[in-house]
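Residue numbers (the numbering used here): 100 to 161. Don't be surprised by glycine CBs; every beta carbon is placed ideally from N, CA and C. Read the structure below first, then the notes.
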Amino acid sequence: MDIGTLRGLGTALIFIAFIGLVFWAYNSKRKSSFDEAAHLPFADEEPSSQESNTDKSGSNNQ
100 MDIGTLRGLG TALIFIAFIG LVFWAYNSKR KSSFDEAAHL PFADEEPSSQ ESNTDKSGSN
160 NQ
């Protein structure tokens, strides 16, 4: 086996892994878990009833 054959086999292996990853990521079974993960950054926020121009110390920013 020469180096060209090894490089070709390596490229084919990486390509197959890439195709598998794409199918895994776009599988409809994974949509609910990905949607849940997409909303995780907003999970700690407290819902506010009104918007205000005050910072955390309570003073006006104007």
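Separation of residue j from residue i, as counted between CA atoms
i    : j    : result
D143 : D101 : 56 Å
L108 : V121 : 20 Å
F133 : T104 : 39 Å
N126 : I118 : 12 Å
A136 : K130 : 10 Å
A111 : P140 : 37 Å
Residues of its chain near residue i, where Cβ-Cβ distance is below 8 Å and the 5 sequence neighbours each way are ignored
i    : result
W123 : R129
Contacts around residue i, its chain only, beta-carbon distance under 6 Å, and the 5 residues preceding and following it disregarded
i    : result
I113 : none
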